[in-house]
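Enquirer: I'd like to ask some things about the structure below.
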Amino acid sequence: PRRLLHNVEAQVISKADPRAVYALCCRNRSALSRVMQAALFKSGRPMSEVQSALESAKENEANRLYGPVRLLVLAAAVTPLIGLLGTVVGMIEAFMATASSVGIHKAEMLSQGIYTALVTTCAGLAVAIPAAILAHWYEGKIQKLFYRMDQKLVNFTAYLESLEGKTRLTPTHFRNYVKQKNQK
């Protein structure tokens, strides 16, 4: 959203109409633009309301972005357990086979059960290890995104603070403004 930031910063510096800033945010489909839109809906209100809207919007974005990561974390946690279950089943099969068989086939039966145990353990780890690495990588990317977002919101928050008590616009005002701009 570099272009968004550049355009919004230009609007903020010129103390533009918050509806114009909102229109810029509507053209961008990023987490930052959605957070800015939520804060703009509170423009003119006390800063505590603006801050609350910012935090709530950031929390919503975090939940949206962490959804796929949660699945990776679940896979990283559960697949070794499934592999362990397969290990236990394989070992039970191995010992059952050796207990119930006689003669030279005991070693063959034992090795089949151990083979099953090792394959399921390997399969569980083959899924868990990449899932854990990917989950950690995505979490790092998301944390970096929110760190940068907080940095970028400093000037934007100061802009919203300058509007406190001056202009109170509802979401309908913003949407109507965007419709008018799009019709021109």
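Residue numbering for the sequence shown follows this note's numbering, beginning at 42 and increasing consecutively. Idealized CB from N, CA, C, for every residue including glycine. Because the structure is a prediction, the values reported are computed rather than measured.
Please list, in chain order, all residues of the same chain as residue 46 whose beta carbon is under 7 Å from its beta carbon, the five residues on each side excluded.
Expert: 193
Enquirer: Alpha carbon to alpha carbon, what distance is there between residue 131 and residue 148?
Expert: 14 Å
Enquirer: Using the rule of at least 16 other Cβ atoms within 10 Å of the residue's Cβ for burial, across every protein chain shown, is residue 202 buried or exposed?
Expert: exposed
Enquirer: Would you mind giving the Cβ-Cβ distance between residue 117 and residue 79, rounded to the nearest angstrom? I have them listed as a contact below 8 Å.
Expert: For a cut-off of 8 Å, the C-beta gap from residue 117 to residue 79 is around 32 Å, too long to register as a contact.
Enquirer: Can you give the beta carbon distance from residue 49 to residue 197, rounded, assuming they're within the 8 Å contact cut?
Expert: 7 Å
Enquirer: Could you compute how far the alpha carbon of residue 218 sits from the alpha carbon of residue 76?
Expert: 19 Å
Enquirer: Whether or not the stretch 92-103 and the stretch 150-164 are in contact is what I'm after, with contact meaning three or more pairs of Cβ atoms, one per stretch, closer than 8 Å; do they touch?
Expert: Not touching, per the Cβ criterion.
Enquirer: Alpha carbon to alpha carbon, what distance is there between residue 175 and residue 160?
Expert: Cα atoms of residue 160 and residue 175: separation of roughly 23 Å, rounded to the nearest angstrom.
Enquirer: Between residue 167 and residue 121, what straight-line distance do the alpha-carbon atoms span, to the nearest angstrom?
Expert: Cα-Cα distance, rounded: 9 Å.
Enquirer: Under the rule that 16 or more other beta-carbon atoms within 10 Å means buried, what is residue 144, buried or exposed?
Expert: That one is exposed.
Enquirer: Using the Cα positions of residue 110 and residue 171, report the straight-line distance between them to the nearest angstrom.
Expert: 12 Å
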